[in-house]
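Residue numbers (this note's numbering), protein chains in the order written: chain A, 114 to 475; chain B, 114 to 475; chain C, 114 to 475; chain D, 114 to 475.
Where is the CB? At the ideal position from N, CA and C, for every residue including glycine.
Values in this document were obtained by computation on a predicted structure and should not be read as measured data.
Here's the structure, in structure tokens; my notes come after.
Protein chains: 4
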Amino acid sequence: MKNSFGNNITVTIFGESHGEYIGAVLDGIPSGIAVDTDFIKKQLDKRRPHGTISTSRAEEDNFKIISGLNGGITCGTPLCILVENSNIRSKDYENTILKPRPSHADYSLFCKYGQEGILPGGGHSSGRITVALVAVGAIALSVLKSKGIFIGTHIKQIGDIKDREFADLTSDIDNLNDMKFAVLDEKAKEKMMEKINSAKSQNDSIGGVLETVISGLPAGVGEPWFDSLEGVISHAVFSVPGVKGIEFGAGFSVGLMQGSEANDEFFYENGEVRTKTNNSGGILGGISNGQPVVFRTALKPTPTISKEQDTVDLKEKINAKLLATGRHDPCIVHRARVVTDSVTALAVLDMLCEKYGRDGLK
Amino acid sequence: MKNSFGNNITVTIFGESHGEYIGAVLDGIPSGIAVDTDFIKKQLDKRRPHGTISTSRAEEDNFKIISGLNGGITCGTPLCILVENSNIRSKDYENTILKPRPSHADYSLFCKYGQEGILPGGGHSSGRITVALVAVGAIALSVLKSKGIFIGTHIKQIGDIKDREFADLTSDIDNLNDMKFAVLDEKAKEKMMEKINSAKSQNDSIGGVLETVISGLPAGVGEPWFDSLEGVISHAVFSVPGVKGIEFGAGFSVGLMQGSEANDEFFYENGEVRTKTNNSGGILGGISNGQPVVFRTALKPTPTISKEQDTVDLKEKINAKLLATGRHDPCIVHRARVVTDSVTALAVLDMLCEKYGRDGLK
Amino acid sequence: MKNSFGNNITVTIFGESHGEYIGAVLDGIPSGIAVDTDFIKKQLDKRRPHGTISTSRAEEDNFKIISGLNGGITCGTPLCILVENSNIRSKDYENTILKPRPSHADYSLFCKYGQEGILPGGGHSSGRITVALVAVGAIALSVLKSKGIFIGTHIKQIGDIKDREFADLTSDIDNLNDMKFAVLDEKAKEKMMEKINSAKSQNDSIGGVLETVISGLPAGVGEPWFDSLEGVISHAVFSVPGVKGIEFGAGFSVGLMQGSEANDEFFYENGEVRTKTNNSGGILGGISNGQPVVFRTALKPTPTISKEQDTVDLKEKINAKLLATGRHDPCIVHRARVVTDSVTALAVLDMLCEKYGRDGLK
Amino acid sequence: MKNSFGNNITVTIFGESHGEYIGAVLDGIPSGIAVDTDFIKKQLDKRRPHGTISTSRAEEDNFKIISGLNGGITCGTPLCILVENSNIRSKDYENTILKPRPSHADYSLFCKYGQEGILPGGGHSSGRITVALVAVGAIALSVLKSKGIFIGTHIKQIGDIKDREFADLTSDIDNLNDMKFAVLDEKAKEKMMEKINSAKSQNDSIGGVLETVISGLPAGVGEPWFDSLEGVISHAVFSVPGVKGIEFGAGFSVGLMQGSEANDEFFYENGEVRTKTNNSGGILGGISNGQPVVFRTALKPTPTISKEQDTVDLKEKINAKLLATGRHDPCIVHRARVVTDSVTALAVLDMLCEKYGRDGLK
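This is how it looks when you write it as structure tokens:
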């Protein structure tokens, strides 16, 4: 398996940015689950460009589920979703196809696949492919919800502008999941938008940080080695385009801490074991401990910018200049949010299967 | 597969901290490769406690390879290494076995496996298990070396004390691989040792950051989705006990950058495509681009400290106090270094197989 | 993975008999391979109904490749093929949907998936799904051909009518691959057709045996345990609907043999090691030995017949009678032939990857 | 994974015939299961040589479980069993190591692994390795038993001597599992023993057929494509050394049948759906239907015989003669029986996990 993920509930994605469809197959979902197409639409909508801070490529994201359903209910067999690609403008890319865009996948794809691997707009490596992840991720999120597990992500940071911390998890997650630009603090949103627009006005782009929380995950999920909860989630999350780092709980700040400061002491509350702090991010020894799982991911600025950049001409084997002309986002952090929720849901759902089995998930 | 890793070259680990052996099976290694037991010893030695800054548990790490070899040469069949556990003092743990140590795996193991899952000294989740990873990792490192691929890790940071940056990669990696306490700057070492000893004198522990570089990795390794090079390496690296974060290239600082700053521009040097900067950490779109792969991992302070801590009594279901008495390290960062090299080597070797096959790796 | 097969080159299938499309994703195929759509058509044509001896359901098998291609050449990314379902007559099945057809998958699907799992015409378990296997199998066959590996299957037996043995492998395989009703002996064909028509005229169906040969497979493919060549091929081949047995080389007749009779003695011919006989079917200890790989599969008579049969009413929980009215084949052996070639090619190609890697397969 | 089997409950085997240990790692077994070492011994005993009809190599089969247990109870972590090799006489093989034994794995191992791959006595491909499978298989059988699932295998045939059919499944399986030479009809046993001794007296060997039944398996286990119950069982069973064919239910005789004869009609009995016949061998569309799963495997005669045979000298690249001198069995069918039970149990247990999960299996 290469472009697949999951042992028990497996997602396989296919498609290129400028082909007819992007798609995903989700295999292993139990039968009898109602698929809420409105929720899929809502999730896809969160991923779509938002006003001035996003690309002007207007994507309709019309989708159809061509297998695995019987009257809107899963029948237990592989579920395939196709999302239409419309508004394709390959011409934008034609002239530059062998002049790889700095920090985009063009060059490494060329090394892996040869010239066939470089397709207009990034081909199979385009961020466009994430529509498929969001579509099947919506189904995973629904199944988790039915088990009392909720996932929410906010924009922790755009450049140096920060959102507030999580406070009341239940209401914070609820609120986030209704927003397109997901912040806990409305004022942070305005400043972030300014930051993005400022980068855009400079023909530039800007990076950021997302923070994701999984609430309601039972203790005991994950394996002590290799298939640790951190290992599996990070494996999935690095498929969100642009992610260059992930940290759980206190994350990189643990490097500065002493044990007495970092340790999460236990106590009983209403008969349940809890911890006073959550520097562990809900995971100990690779296994969930019943506290909320918290992680942050760092997203690089969109590599495609409208400034002239140095690159190479792979055909002529000489240095060259590039001025990208394709439509692109000055920031992808807000759009990456729902992709992060989606792959997290797919990873968590797969791991839950180990515990509950198909019958237990129904 | 749970306690296994790798599609083509697979490692499976087994054993508990206080059992007779810790072991690993390495399956898929081509035949005809000389296994250098001295190098395995050297690597195990790097993992062993170092003077005052480590636990006083003296581990001999006697190992034997009980399958897969024919006169010191791999025969292509599964190679099993057993490492003896000696100097076992289960008594240290007996009284506290149902009082989980804060931020250790005791409690989450209890939730996953029930009372059977809590074994003296952490059982299968003990850092002791990493001897097996280091032993098979040494074999993976040797194979990679024969393909011109070198891996080196230095202690980037202990508490707030920092090592210098990588300069000349070849000599830096060479030097690191001869050290037990791996730093690029000898002066940083002294300060770090002081920091560790200071934590120890407070009955406390201290965290840190490791930085790993992979040089010589050909461009084109990794998959665009899911089995991205970052995804697979991070999946493996979160099995190094205590790791709470990983970042590639510029890592979390990309969140503050604009595209024009973060982008790695291309140029030709002696007929080869290179980048002016390496904020991408050698990976674009999940696939290596021929630049050095660079990543950092955050390690938490050892959770076992000799200070009284709040915990719970899982038997009596009441709050409790814990004063750990088992031997432990005030810092694991320097010892985690070789484990990080080892799992990185296992992950990279497995991914290389996709490209070269068994015949190509011989 | 459930409805997927292969470690390095993976096929995932989806779709139901009466949905809009049947499809497959083929992931791991190297870039730079020309996909011959005419050959795919030719293979699909072999699978289609043939005159009076097949169902009157006329399937067009229009297909499109919606990802993984760049101007007819693979680009190394997942290749998705969709085959249209046309001529759908769900009405045929509506009345009987909870009266499972004897020896069809209706009942076991009901047990696994519940009522949602029973779809008109067998749903995801319909033989119709094999169009997807044949389509991607054609690509696998082409890649194997480019490495000098040829696969051919003939109808060894329909009822008690037998075809002749393989003689000259190269020409026999060539000839078979041009036929729709694949026999080595034209006279056997006539008798087999009579047999099938006779069953049909009795509102009944008839079983048979296929024999497959793989020529040109290099020695050394397969693993000693578990992923033996026999194990992997049989794993794949039991996905050909109706297969109830598989035997390699002398197969079940080895049970009657003495070692001196069964053993394949070695000798040198033109500097190459060969065997005097091939009772081993080209596989020793799970690994190919350079002789042709030969296996036979037993196919049961189509379970859907137009005779009244005893069954149960799963809704009313009483015994019931069933008179199937859907269109169906009196024999599937001749159509199963190309499906067998296809899954064999997929299995062999995946195993070859272990040896050659992606670069070696290009 | 190569020498591993299973998605959720995975077995990995290692070791060579003349090394210190043969071993297996069983990963994924839930915690809290009592491991019955007496039952493991009993199963190993069934595999050991029996009087005159077996090799004179006396194997003690001393084993130890070195991980995964806490006071005889599984703790949920990987369980490793080591079985000692004693009575090793490598000298027997030394002279002939590059003269491959006809129909043994020597030559194909040589092609796969090179000269390193040819070890005395078959190395990793020796039947000796099956001790590890039997040891972990015993644990799988115990878990299945606790879920009401029973597996039994009888010697259906040695040469032309046949055992009777299964009658009362419960008592037949019970009786078989108490026997070393497992037949339903004591008289058949005597004739079979004669047959074996006759082959032995001719310095020859003899093949046979085993028949296995799985009773109590719930309906709904298996997948419609690829991971069909037949596919997964056969994948496992071809790891029993010498197996050249497998057939389910009516098996190869379906090729001669008409649908009206082969079809298993349904009826209700005590509120449960049953079938009048079981030509399907308990599997429809790859999924169990609640009837007993029945399959037969063909075992070739031991390839090592004490008659002179033609072979090649791989060193000198000339034709050669071989007179095998290692100790060997005139028949392996009776010893292969418990290996078949073991791998069947491992395959079935793994598939059950998909349904029940770890929690459901406890």
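Nearest candidate by alpha-carbon position, reference residue i, set the options
| i | options | result |
| --- | --- | --- |
| residue 353 of chain A | A:220, A:457, A:468 | A:457 |
| residue 272 of chain D | D:412, D:419, D:129 | D:412 |
| residue 365 of chain B | A:224, A:239, A:360 | A:360 |
| residue 466 of chain B | B:176, B:247, B:166, B:335 | B:335 |
| residue 120 of chain D | D:454, D:181, D:142 | D:142 |
| residue 309 of chain A | A:134, A:462, A:447 | A:447 |
| residue 304 of chain A | A:282, A:268, A:324 | A:268 |
| residue 340 of chain B | A:398, A:345, A:452, A:468 | A:345 |
| residue 392 of chain A | A:380, A:407, A:382 | A:407 |
| residue 161 of chain A | A:449, A:147, A:296 | A:449 |
| residue 176 of chain D | D:159, D:163, D:194, D:295 | D:194 |
Cβ-heavy atom distance, residue i to the ligand GTP, below 7 Å
| i | result |
| --- | --- |
| residue 347 of chain D | Annotation note on the ligand GTP: not contained in the displayed structure, which lists no ligands. |
Contact belief for residue i with residue j at Cβ below 8 Å, rounded distance in angstroms
| i | j | result |
| --- | --- | --- |
| residue 215 of chain A | residue 416 of chain A | 6 Å |
| residue 184 of chain C | residue 226 of chain A | Not really, about 14 Å apart at Cβ, beyond 8 Å. |
| residue 284 of chain B | residue 330 of chain B | The pair is not a contact, with the Cβ atoms about 18 Å apart (cut-off 8 Å). |
| residue 323 of chain A | residue 243 of chain A | Actually they do not touch by this definition, with Cβ atoms about 14 Å apart. |
Beta carbon proximity, residue i to chain C, threshold 8 Å
| i | result |
| --- | --- |
| residue 370 of chain D | yes |
| residue 232 of chain A | yes |
| residue 282 of chain D | no |
| residue 279 of chain D | no |
| residue 193 of chain A | yes |
| residue 466 of chain D | no |
| residue 255 of chain A | no |
Cutoff 8 Å: residue i Cβ touching any chain B Cβ
| i | result |
| --- | --- |
| residue 287 of chain C | no |
| residue 175 of chain D | no |
| residue 136 of chain D | yes |
| residue 337 of chain C | yes |
Collapsed DSSP secondary structure at residue i in the structure displayed
| i | result |
| --- | --- |
| residue 128 of chain A | strand |
| residue 422 of chain A | strand |
| residue 384 of chain B | coil |
| residue 123 of chain A | strand |
| residue 455 of chain C | helix |
| residue 218 of chain B | coil |
| residue 142 of chain C | coil |
| residue 473 of chain D | helix |
| residue 399 of chain B | coil |
| residue 447 of chain B | helix |
| residue 307 of chain B | helix |
| residue 153 of chain B | helix |
| residue 265 of chain A | strand |
Min CB distance residue i to chain D below 8 Å
| i | result |
| --- | --- |
| residue 446 of chain B | no |
| residue 343 of chain C | yes |
| residue 469 of chain B | no |
CB contact check: residue i to chain A, cutoff 8 Å
| i | result |
| --- | --- |
| residue 434 of chain D | no |
| residue 431 of chain B | yes |
Next on the checklist: Just to confirm the assignment: which complete alpha helix (DSSP H) runs, minimum length 4, are found wholly within the segment 222-259 of chain C?
Outcome noted: Scanning the segment 222-259 of chain C from its first residue to its last, the whole alpha helix (DSSP H) runs of 4-plus residues come out as 243-259.
Next on the checklist: Please give the ranges of any alpha helix (DSSP H) in the segment 314-375 of chain B, keeping only runs that are unbroken, at least 4 residues long and fully inside the region.
Outcome noted: Listed in chain order, they are 342-350, 372-375.
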